[in-house]
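Novice:
2 protein chains.
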Amino acid sequence: MRDEFRADLKTVSQLLVDMAEGVRAAMRQATRALLTADRGAAETVIAGDAEIDEVYRHVEERVFDLLARQAPVASDLRAMITALHVAADLERMGDLADHVAKTALRRHPSPAVPAELRPVFTDMATIADRMAAKIGSVLAEPDADLAAELDRDDDAMDELHRSLFGVLLGEDWPYGVETAIDATLLGRFYERFADHAVNAGEHVVYLVTGETTAG
Amino acid sequence: MRDEFRADLKTVSQLLVDMAEGVRAAMRQATRALLTADRGAAETVIAGDAEIDEVYRHVEERVFDLLARQAPVASDLRAMITALHVAADLERMGDLADHVAKTALRRHPSPAVPAELRPVFTDMATIADRMAAKIGSVLAEPDADLAAELDRDDDAMDELHRSLFGVLLGEDWPYGVETAIDATLLGRFYERFADHAVNAGEHVVYLVTGETTAG
């Protein structure tokens, strides 16, 4: 029974690692779609979101099945509940990559992001990518220190998010309201992506240490 | 054992009903803060969000405890997983009310929403309130028909959300970029509130009927 639980848990963990990799790839492609007006990249992300959702359903089914068959308690039960939380965060990160791709597509062939905002979105995307990679790593090999780094990444993301508004509200903003609306929503998508990465990381830390971190 | 499970399930359901009522009240107050620049209302919402989060933790603890002690299977296990999903949606709805209140506070004593946008936000808030009320009702007494109404409410919310952009992008928009940014974010907060209400409703329908609805 115990060995069987370990094997099942490993299957669930692998599904989560797959999700994290899928989500990371999706946000990379969505960013490419955004910054280079790459229609194919946008369409790939949008089509691929259903696959991420499908893996999410697999995780839920596996966990449900495992709870029903094995009735785990204590740390094993905690691992199952944690898997559900992490899967939900990853699924939402996939949605946010999809939103970025859709924004890029809506403005295609024009770029959704004007030249003045390319540096801040490039930096936001770099942090988002780093955070998604760390989620994949801590899921493959739990590491509370690495998970804790996500908080610092998130601080950097928040700082970029503030600087984005600085540009939008500058006296020399030449692009009008529509571009400001797109940039506002895009900024929020990257910032929420980072928030969910932090949440997922906190759940993994909780799994490893049994302690919640201050949110 | 079975009676004990019923009693525990009832406790969890009551916590969810409490959360739904708390979230509904929070969004009502946040809307008042937004539309009447009511500082006290905004502060009440922001202070109250910790209470909603606290009830969320209680639900999680109860469910964890119940899974560990009683090892429910089949529909009882499904009820427990559903409770976790619904609680997560409600917690997030509370966050969104908090975001609306914070936006109101950031512009206080100026109104965050100019006169031209008051009608659309009034309508969005009315739908949000109706949806939160329905979640409370279906949790207190599962009703798949009522839950299904949430989809139609959400369509109305999406329509209002589109009309909001229509106003912002109109040629005669006189308020500049900062007000447009606030309105964009506020629109998203109400729209996401409605999305989470739909999710919560779908989970309750699933609990009642065993069938997922098309998302």
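Chains as they are written, first to last, in the UniProt record's numbering: chain A, 1 to 215; chain B, 1 to 215.
Where a beta carbon is used, it is the ideal one built from N, C-alpha and C, also for glycine.
For the alpha helix (DSSP H) holding GLU61/B, just list the boundary residues, first then last.
Specialist: One-based indexing of the second sequence puts residue 61/B at position 61. Start and end: 39–70.
Novice: Mapping DSSP to helix, strand and coil, what is VAL204/B?
Specialist: Residue 204/B sits at position 204 when you count from the first residue of the second sequence. The answer is helix: DSSP assigns VAL204/B an H, G or I state.
Novice: Quick one: which chain A residues come within Cβ less than 9 Å of VAL113/B?
Specialist: Here the question's residue 113/B lines up with position 113 in the second sequence. Residues of chain A passing the Cβ test: none, with the nearest at roughly 15 Å.
Novice: Under 7 Å between C-beta atoms, does residue 216/A make it to chain B?
Specialist: The first residue shown for chain A is 1 and the last is 215, placing residue 216/A beyond what the model contains.
Novice: What does the alpha-carbon distance come out to for the pair ALA120/B and ASP49/B?
Specialist: Reading the second sequence from its first residue, position 120 is the one you call residue 120/B. Reading the second sequence from its first residue, position 49 is the one you call residue 49/B. According to the sequence as given, residue 120/B is Val; it is not Ala. Those two C-alpha atoms are separated by around 25 Å.
Novice: Taking the Cβ atom as the reference point for each residue, do ILE127/A and ALA156/A lie within a distance shorter than 7 Å?
Specialist: Here residue 127/A is taken as the residue at index 127 of the first sequence, counted from 1. Here residue 156/A is taken as the residue at index 156 of the first sequence, counted from 1. Yes, Cβ-Cβ distance for ILE127/A and ALA156/A is below 7 Å.
Novice: If you drop the 5 nearest sequence neighbours on each side, which residues of the same chain put their C-beta closer than 6 Å to that of ARG62/A?
Specialist: Taking the first sequence and counting its residues from 1, the one referred to as residue 62/A is at position 62. Same-chain partners within the cutoff: VAL12.
Novice: Cβ of GLU178/B less than 7 Å from any chain A Cβ?
Specialist: Within the second sequence, residue 178/B is the residue found at index 178, counting from 1. Yes, because at least one Cβ of chain A sits closer than 7 Å to the Cβ of GLU178/B.
Novice: Would you mind stating whether HIS161/A and MET93/A have Cβ atoms separated by less than 7 Å?
Specialist: Within the first sequence, numbered from 1, the residue matching residue 161/A stands at position 161. Within the first sequence, numbered from 1, the residue matching residue 93/A stands at position 93. No, they are not a contact pair.
Novice: Using CA coordinates, which residue listed in VAL198/B, PRO174/B and LEU185/B is at the minimum distance from LYS134/B?
Specialist: Along the second sequence, read from residue 1 onward, the residue named residue 134/B stands at position 134. The residue with the shortest Cα to Cα distance from LYS134/B is VAL198/B.
Novice: How would you write the range of the alpha helix (DSSP H) that GLU141/A sits in, first residue to last?
Specialist: Within the first sequence, numbered from 1, the residue matching residue 141/A stands at position 141. Run containing GLU141/A: none; DSSP gives neither H nor E here.
Novice: Compare the C-beta of ALA97/A against all C-beta atoms of chain B and say whether one is closer than 7 Å.
Specialist: Taking the first residue of the first sequence as position 1, residue 97/A is located at position 97. It does not; no Cβ of chain B falls within 7 Å.
Novice: Do you know offhand how far MET19/B's Cα is from GLU171/B's?
Specialist: Residue numbering aside, residue 19/B sits at position 19 when the second sequence is read from its first letter. Residue numbering aside, residue 171/B sits at position 171 when the second sequence is read from its first letter. C-alpha separation (whole angstroms): 42 Å.
Novice: When the Cα atoms are used, what is the spatial distance from ASP65/B to ARG24/B?
Specialist: By 1-based counting over the second sequence, the position of residue 65/B is 65. By 1-based counting over the second sequence, the position of residue 24/B is 24. Using only the alpha carbons, I get a separation of about 28 Å.
Novice: Just verifying my parser: in three-state terms, what is the DSSP assignment at SER75/A?
Specialist: To locate residue 75/A, count along the first sequence from 1; it is residue 75. In the structure shown, SER75/A sits in a helix (DSSP, three-state: H, G or I).
Novice: Give me the residue from ARG130/B, GLY136/B, ALA41/B and LEU139/B with the minimum Cα distance to ARG152/B.
Specialist: The residue given as residue 152/B occupies position 152 in the second sequence. Of ARG130/B, GLY136/B, ALA41/B and LEU139/B, the residue nearest in Cα terms is ARG130/B.
Novice: Considering only C-alpha positions, which residue in the set ARG69/B, HIS203/B and ASP158/B is nearest to ARG188/B?
Specialist: Looking up residue 188/B in the second sequence gives position 188. The shortest Cα separation from ARG188/B among ARG69/B, HIS203/B and ASP158/B belongs to ASP158/B.
Novice: Give a yes or no on whether the minimum CB-CB distance between LEU15/B and chain A is below 7 Å.
Specialist: For this step, residue 15/B is matched to residue 15 along the second sequence. No - not a single Cβ of chain A is within 7 Å of the one on LEU15/B.
Novice: Taking only the alpha-carbon atoms, compute the straight-line gap between ARG2/A and MET124/B and give it to the nearest angstrom.
Specialist: Here residue 2/A refers to the residue found at position 2 of the first sequence. Here residue 124/B refers to the residue found at position 124 of the second sequence. Cα-Cα distance, rounded: 52 Å.
Novice: State the DSSP-derived secondary structure class of PHE5/A, mapped to helix, strand or coil.
Specialist: Here residue 5/A refers to the residue found at position 5 of the first sequence. Here PHE5/A sits in helix by DSSP.
Novice: Quick one: Cα of VAL55/A to Cα of LEU15/A, how far?
Specialist: Numbered from its first residue, the first sequence carries residue 55/A at position 55. Numbered from its first residue, the first sequence carries residue 15/A at position 15. About 7 Å.
Novice: Once you ignore the five residues that flank LEU207/A on each side, which residues in its own chain have a CB closer than 7 Å to its CB?
Specialist: Numbered from its first residue, the first sequence carries residue 207/A at position 207. Once the five neighbours on either side are set aside, the close Cβ partners of LEU207/A are ARG78, ALA79, THR82 and PRO142.
Novice: Can you find a CB in chain A that lies within less than 7 Å of the CB of LEU207/B?
Specialist: Taking the second sequence and counting its residues from 1, the one referred to as residue 207/B is at position 207. False, the Cβ-Cβ gap to chain A never drops below 7 Å.
Novice: Identify whether LEU169/B lies in helix, strand or coil by the three-state DSSP scheme.
Specialist: Against the second sequence, residue 169/B aligns to sequence position 169. If DSSP states are grouped into helix, strand and coil, LEU169/B belongs with coil.
Novice: Could you check what DSSP says for GLY215/B in three-state terms: helix, strand or coil?
Specialist: Here the question's residue 215/B lines up with position 215 in the second sequence. Note on GLY215/B: pLDDT 40, under 50, position unreliable in the model; no value is reported.
Novice: Quick one: what's got a C-beta closer than 6 Å to ASP8/A's C-beta in the same chain, skipping five residues either side?
Specialist: For this step, residue 8/A is matched to residue 8 along the first sequence. Cβ within range, chain order: LEU66.
Novice: For ALA68/B, go through chain A and note every residue whose CB falls closer than 9 Å to its CB, in chain order.
Specialist: The count along the second sequence starts at 1 and reaches residue 68/B at position 68. Correct list: ALA71, PRO72, VAL73, ALA74 and LEU77.
Novice: Just tell me which of ALA68/B, ALA101/B, ALA47/B and LEU105/B has its CA closest to the CA of TYR190/B.
Specialist: Along the second sequence, one-based indexing puts residue 190/B at 190. The candidate whose alpha carbon is nearest that of TYR190/B is ALA101/B.
Novice: With 16 other CB atoms within 10 Å as the buried threshold, where does ASP145/B fall?
Specialist: Taking the first residue of the second sequence as position 1, residue 145/B is located at position 145. Exposed: under 16 other Cβ atoms inside 10 Å.
Novice: On the three-state DSSP scale, how would you describe SER13/B?
Specialist: Residue mapping note: residue 13/B aligns to position 13 of the second sequence, counting from 1. Correct three-state label for SER13/B: helix.
Novice: Only counting the same chain, and skipping five residues up and downstream in sequence, which positions put a Cβ closer than 8 Å to that of residue 261/A?
Specialist: A question about residue 261/A goes unanswered here, because the residues of chain A that appear run from 1 up to 215.
Novice: Once DSSP output is grouped into helix, strand and coil, what is the label at SER110/B?
Specialist: Working through the second sequence from its first residue, we reach residue 110/B at position 110. Reduced to three states, the DSSP call for SER110/B is coil.
Novice: Residues of the stretch 187–208 of chain B with a CB closer than 9 Å to any CB of chain A: list them in chain order, please.
Specialist: So the close ones are ARG188.
Novice: Quick one, are the C-beta atoms of LEU203/A and VAL86/A less than 7 Å apart?
Specialist: Indexing the first sequence from 1 puts residue 203/A at position 203. Indexing the first sequence from 1 puts residue 86/A at position 86. This sequence places His at residue 203/A; Leu is not what is there. Result yes, Cβ atoms of HIS203/A and VAL86/A sit closer than 7 Å.
Novice: Please list, in chain order, all residues of the same chain as HIS58/B whose beta carbon is under 7 Å from its beta carbon, the five residues on each side excluded.
Specialist: To locate residue 58/B, count along the second sequence from 1; it is residue 58. Closer than 7 Å at the Cβ level, and outside the excluded window around HIS58/B, lie LEU15.
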